[in-house]
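Those sequence lines, one after another, are chains A and B.
Following numbering that gives the first Met the number 0, the numbering of the first sequence begins with 0 at its first residue and continues without gaps.
Following numbering that gives the first Met the number 0, the numbering of the second sequence begins with 0 at its first residue and continues without gaps.
All C-beta atoms, glycine included, are put in the ideal place defined by N, C-alpha and C.
In this text, all values refer to a predicted model and were calculated from it rather than measured experimentally.
Worksheet for the structure shown next.
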Amino acid sequence: MRPWLLAAIPLALGAVIGGVLVLLGERRMLQIAVAIPLAFVVIGVLASLAIVAVLLVRRSRAARIRGRESARAEAAAAALVSERERHRRFLARLDHELKNPLTAIRATAAAAGAQDPQWSLVDSQARRLGDLVRDLRKLAELETRPLDLEEVDLEVLLVEAIHALAERDPSAGSRIRVDVIRVPWPVPSVSADLDLLSLALDNVLGNAAKYSDEGPIEVRLREESGSAVIEVADSGRGIPAADLPHVFDELARAANARDVSGSGLGLTLVQTVLARHGGSVALRSVEGAGTVVAMRVPLG
Amino acid sequence: MTDRTRLLLVDDDAAITTPLASFLERSGYAVRVAGDGREGLAAVREEKPDLVVSDVLMPHMDGREFVRRLRESDPWLPVILLTQVGESFERSAALDEGADDYLNKPFDPQELLSRVRAVLRRASRGVPTSQRIRAGDLVLDRTSRRAWLGARELTFTPKALTLLEFLMTHPQEAHSRERLLAGLWGFDFATSSRAVDHRIAELRRVLGDDPADPRFIDTAQGLGYRFIAPVVAA
Numbered sequence: 000m001r002p003w004l005l006a007a008i009p010l011a012l013g014a015v016i017g018g019v020l021v022l023l024g025e026r027r028m029l030q031i032a033v034a035i036p037l038a039f040v041v042i043g044v045l046a047s048l049a050i051v052a053v054l055l056v057r058r059s060r061a062a063r064i065r066g067r068e069s070a071r072a073e074a075a076a077a078a079l080v081s082e083r084e085r086h087r088r089f090l091a092r093l094d095h096e097l098k099n100p101l102t103a104i105r106a107t108a109a110a111a112g113a114q115d116p117q118w119s120l121v122d123s124q125a126r127r128l129g130d131l132v133r134d135l136r137k138l139a140e141l142e143t144r145p146l147d148l149e150e151v152d153l154e155v156l157l158v159e160a161i162h163a164l165a166e167r168d169p170s171a172g173s174r175i176r177v178d179v180i181r182v183p184w185p186v187p188s189v190s191a192d193l194d195l196l197s198l199a200l201d202n203v204l205g206n207a208a209k210y211s212d213e214g215p216i217e218v219r220l221r222e223e224s225g226s227a228v229i230e231v232a233d234s235g236r237g238i239p240a241a242d243l244p245h246v247f248d249e250l251a252r253a254a255n256a257r258d259v260s261g262s263g264l265g266l267t268l269v270q271t272v273l274a275r276h277g278g279s280v281a282l283r284s285v286e287g288a289g290t291v292v293a294m295r296v297p298l299g
Numbered sequence: 000m001t002d003r004t005r006l007l008l009v010d011d012d013a014a015i016t017t018p019l020a021s022f023l024e025r026s027g028y029a030v031r032v033a034g035d036g037r038e039g040l041a042a043v044r045e046e047k048p049d050l051v052v053s054d055v056l057m058p059h060m061d062g063r064e065f066v067r068r069l070r071e072s073d074p075w076l077p078v079i080l081l082t083q084v085g086e087s088f089e090r091s092a093a094l095d096e097g098a099d100d101y102l103n104k105p106f107d108p109q110e111l112l113s114r115v116r117a118v119l120r121r122a123s124r125g126v127p128t129s130q131r132i133r134a135g136d137l138v139l140d141r142t143s144r145r146a147w148l149g150a151r152e153l154t155f156t157p158k159a160l161t162l163l164e165f166l167m168t169h170p171q172e173a174h175s176r177e178r179l180l181a182g183l184w185g186f187d188f189a190t191s192s193r194a195v196d197h198r199i200a201e202l203r204r205v206l207g208d209d210p211a212d213p214r215f216i217d218t219a220q221g222l223g224y225r226f227i228a229p230v231v232a233a
């Protein structure tokens, strides 16, 4: 029953009792008979008003609480956006401010002569620093840059990416097994930014090759719950459990990966690219056993 | 007077110009340094160089204004801009405003050297800068961004068309995938060079160009791509 109907009950009850008493009363008792029913009517009206007042207070309190909660959620979302924007601007400034000093260092190294091993070390480290800051900035820009969408056949993309990896690293290429689910129908094409998606796929495949010296690398493509799913699984060194919560953080590198070169930006890039496509990436890993990365891109 | 090729280096940061000038001198060029666009214009008036290398962000008169003023009096003097902003549109804007090439800071001085040589070669060959250019029966209208092969109009994705325009305006030069990416895509992550391969494949498919026996786009082994057909004004 609606709470507002509660307020009408005392009023109706008072009116009914008052009416009955008037109809049944004796004439000489008229004054009393009118006064008593009136009293019931008045009491009914007052009780109804009291119920209405209580309901109004409760409703306005609930609205205030809802308003506060939604304001808090909006403020949190706005704070996150503004924090990312500040982060992006900081990286752009850092990148910009490092350009001239790094150019000066590389020019000085070149003027000193490329044959000098010490200057060549200075030059290669300056280049590395420049690349790192540039990639950090570009990663932050990826969060807002417009996507260049086109229809992408994921199977073709997968085959190309594996072919490219096999060219760079024939031994890794020979360990790759591909399993594409085509029955009862092939995985439909997705609307995606081809360059970004292939960048993400290259990174995941590259990681599987980098962190597993031997053993198979399995690549699977299937459709699942309205998404295309690409899984890349390796039987490599895996990621220590303590590092798993941070694998997608910028510059994060697992404790057992120090001997392999890398920037710690690859998985952050993969996550950003998938998120921009409305998809997601999940990683499961057991140290010493291997890693499986699942990328989901929504269909249609 | 020297008979060496004369370069004018315009940048306000002496920490860059001093070693860079010394490096370019050692590489066989006669180098003069100017601290900003105004000094650069005065230096050109005083003694015309064969090529100008200029920074973009400078006090008094920045690189873009400098190139615009330079073009008023000397439309053909080759200019390489050293761009500061990482965005690709900034770099193509550098080309639109009359620079012959650009290099993003921080750059490898060896790369600057090869650009200097390439731009000087291009200038001596007289590669057309007109808006409508032709290579065999392939015609590209740079203003309307349309292309034809014989009588048939071709359809490209915007990126493929930008790549074709760049290759046709820089013919007979090998361009690394990284350079094409940095210049035309605006994202030059170290691992993303396949993006260029995708667009080259599209260009070849639409142009009917056989990679094994190319008429237009040749694969420069281990380096990148080269537009091999002679390009003339259409």
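Asked, Found
"At least three beta-carbon pairs within less than 8 Å, the stretch 194-213 of chain A to the stretch 290-299 of chain A", "yes"
"Beta-carbon proximity check, residue 68 of chain B vs residue 29 of chain B, cutoff 8 Å", "no"
"Cβ pair residue 7 of chain B, residue 42 of chain B closer than 8 Å", "yes"
"Chain-ordered residues of the stretch 92-103 of chain A with a beta carbon less than 7 Å from chain B", "94, 95, 98, 99, 101, 102 and 103"
"Best match in A:215, A:194, A:236 and A:208 for proximity to residue 273 of chain A [C-alpha to C-alpha]", "A:194"
"Cβ distance (whole Å) where residue 227 of chain A is taken to contact residue 177 of chain A below 8 Å", "That belief does not hold up - the Cβ atoms of residue 227 of chain A and residue 177 of chain A are roughly 15 Å apart, past 8 Å."
"The stretch 51-70 of chain A / the stretch 90-98 of chain A touching (three or more Cβ pairs under 8 Å)", "no"
"Cβ separation of residue 225 of chain B and residue 217 of chain B, assumed to be a contact under 8 Å, to the nearest whole Å", "5 Å"
"Residue of A:213, A:88, A:242 and A:238 minimising C-alpha distance to residue 300 of chain A", "Missing from the structure shown is residue 300 of chain A; chain A here goes from 0 to 299 and no further."
"Residue from A:124, A:232 and A:275 whose Cα sits closest to the Cα of residue 147 of chain A", "A:275"
"Residue burial classification, residue 170 of chain B (beta-carbon count within 10 angstroms, cutoff 16)", "buried"
"Span of the beta strand (DSSP E), counted from its first residue to its last, around residue 174 of chain B", "173-175"
"Residue 286 of chain A and residue 239 of chain A closer than 8 Å at C-beta", "yes"
"Residues within the stretch 144-166 of chain B neighbouring chain A, beta-carbon criterion of under 9 Å", "156, 157 and 158"
"Neighbourhood of residue 61 of chain A by C-beta, 7 Å cutoff - its chain only, sequence neighbours within 5 removed", "none"
"Separation of residue 107 of chain B from residue 161 of chain A, as counted between CA atoms", "31 Å"
"Buried or exposed (CB count within 10 angstroms, at least 16 for buried), residue 68 of chain A", "exposed"
"Where residue 209 of chain B falls, given that 16 or more other Cβ within 10 Å makes a residue buried", "exposed"
"DSSP state of residue 291 of chain A mapped onto helix, strand, coil", "strand"
"Spatial distance of residue 39 of chain B from residue 11 of chain B (CA atoms)", "11 Å"
"For residue 226 of chain B, the first and last residue of its enclosing beta strand (DSSP E)", "223-226"
"Contact with chain B by residue 149 of chain A, beta-carbon distance below 8 Å", "yes"
"Option in A:120, A:251, A:20 and A:72 with minimal Cα separation from residue 241 of chain A", "A:251"
"CB-CB length for residue 223 of chain B against residue 174 of chain B, believed under 8 Å", "5 Å"
"Closest residue to residue 248 of chain A among A:37, A:91, A:112 and A:263 (Cα-Cα distance)", "A:263"
"Cross-chain neighbours of residue 220 of chain B in chain A, by beta carbon under 7 Å", "Ordered by position in chain A, no residue passes the 7 Å Cβ test against residue 220 of chain B, which lies about 12 Å from the chain."
"Proximal residues of chain B, C-beta to C-beta of residue 290 of chain A below 9 Å", "Within 9 Å Cβ-Cβ: nothing; residue 290 of chain A doesn't reach chain B, min ~18 Å."
"Exposure label - residue 63 of chain B; buried when at least 16 CB within 10 Å", "buried"
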